[in-house]
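Worksheet: the structure to be examined is printed underneath.
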Amino acid sequence: MNIRPAPRALAAATAALLALGGVTACSDDGTAGADPQRVDVVAAFYPLQFLAERIGGDAVNVTNLVKPGAEPHDLELNPGQVGQVAEAELVVLLKGFQPALDEAVEQNAKERAFDVSTVQPLMDAAAGGHDHDHEGEEHAHPEESAKAEEPGHEKDGAKDPHLWLDPTRLATVGDKLAERLGQADPDRAADYTARARTLRTELEKLDAEFTTGLKTCQRREIVVSHTAFGYLTERYQLEQIGITGLSPENEPAPQRLAEVIEEAREHKATTIFFETLVSPKVAETIAKEVGAKTAVLDPLEGLTPGGGDYLSVMRTNLATLRTALSCS
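FYI, in mature numbering (1 follows the signal peptide of the UniProt record, and there is no 0) the residues of the sequence shown are -25 to -1, 1 to 303.
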């Protein structure tokens, strides 16, 4: 599955680390395998950590491979992390999002991996601009694939990994995670199922808040620094205008900047959104050009230190969207 280009300088470093991991895997901080009474779970990045902790409760020990404030796309594993993957009783990942982890799992934990992208089909990636690509479409329009070589545009067949921005999809992933935890730890299977049910109720409440909060707005277009918000815009009938595509580190071409400025003016955008883990410079440039302000819209790929949790950040996103779109 082609989700995004692999991070720079990945292959050689990963190969060396995997060689270490397959033989004498050991955690450098002692977390993996430290408590025989709990299930050792390795989570690829924050939303999966959130699910594992909420559904696992006291019965699990969860290790997130991405430090708070770090960009999860560019994960490169150190020997201790490869060891944690090798020793984990369950590795929760989204295949294609972090190529280094995909390789480590392939060599060290294939039978103990839960790939959340298998729960429901991933949406096609928005091709840099308007988010018109929807679930189940196999191929992009020919004009869109011609754009694939430009910075900020996705290759034909690329998939959007950001499924957690639709709370109902995250709830479904949680249900399946409870099943996998129950397989790893049958004695507590009923507990995992019960906690998943509780979490589903909370996520459905959050979904209802978004549906109501974004029902009546003066505008429905959001200008975002990269097209991470396809699931959110699909769920709540919004439209994203992406400055770049799925890769947040891509620099937009001057032509793309001009297009976004034109669209922002056309839709009378009052706010240009940037993200917590990515530089706001491009968003600030566009905002200045069109007389708008900037604000954070968090794709929740990771938390900043002291940054709340999934539910609180999503509610902050909702409040920010309601202000920016003049919702009543």
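Backbone N, C-alpha and C fix where the C-beta goes; we use that ideal spot for every residue, glycine too.
Look at Ala18 here: in three-state DSSP terms it is strand. Exclusion of the five residues before and after Ala203 leaves His137 and Pro274 as the residues of its chain whose Cβ lies within less than 6 Å of its Cβ. Check the Cα spacing between Lys151 and each of Gln12, Pro227, Arg13 and Ala88: the tightest is with Ala88.
For the segment 206 to 235, the full-length beta strand (DSSP E) segments reaching 3 residues or more read 214 to 219 along the chain.
Taking the Cα of His242 as reference, the smallest distance to any Cα among Ala61, Ala19 and Gly266 is reached at Gly266. Annotated as proximal: Thr279 and Gly44, with beta-carbon spacing under 7 Å. Comparing alpha carbon positions, the residue from Tyr206, Ala233 and Glu209 closest to Thr219 is Ala233. Membership of Val37 in the beta strand (DSSP E) is indicated by the continuous run Val35 to Asn39. Of the residues Thr208, Leu207, Val199 and Ser254, the one whose Cα lies closest to the Cα of Arg231 is Val199. For the options Gln24, Ala133 and Thr93, the alpha carbon positioned closest to that of Gly205 is the one of Ala133. For Phe185, no beta strand (DSSP E) encloses it; the enclosing alpha helix (DSSP H) starts and ends at Ala164 to Gly188. Annotation for Glu196: the continuous beta strand (DSSP E) segment containing it runs Glu196 to His201. Here Ser303 is exposed: its Cβ has fewer than 16 other Cβ atoms, across all protein chains shown, within 10 Å. Between Asn36 and Asp10, the CB-CB gap stays under 7 Å. The shortest C-alpha to C-alpha distance from Glu184 to any of Arg290, Thr173 and Gln215 is the one to Arg290.
Per DSSP, the continuous beta strand (DSSP E) segment holding Val67 begins and ends at Leu65 to Leu68.
About 7 Å separates the Cβ atoms of Leu300 and Arg195, confirming a contact at the 8 Å cut-off. For Ala270, the pairing in a beta bridge is given by DSSP as Phe248. With respect to the C-alpha of Asn292, the residue from Gln59, Lys256, Asp182 and Glu78 having the closest C-alpha is Asp182. By the CB criterion at 7 Å, Val57 and Ala79 fall inside the cutoff.
The distance from the Cβ of Ala34 to that of Asp141 is about 27 Å, inconsistent with a contact at the 8 Å cut-off. Taking the Cα of Pro229 as reference, the smallest distance to any Cα among Val257, Arg210, Leu252 and Thr246 is reached at Val257.
When rounded, the separation of the alpha-carbon atoms in Gln24 and Gly31 is 10 Å. In the three-state reduction of the DSSP assignment, Asp284 falls in the coil class.
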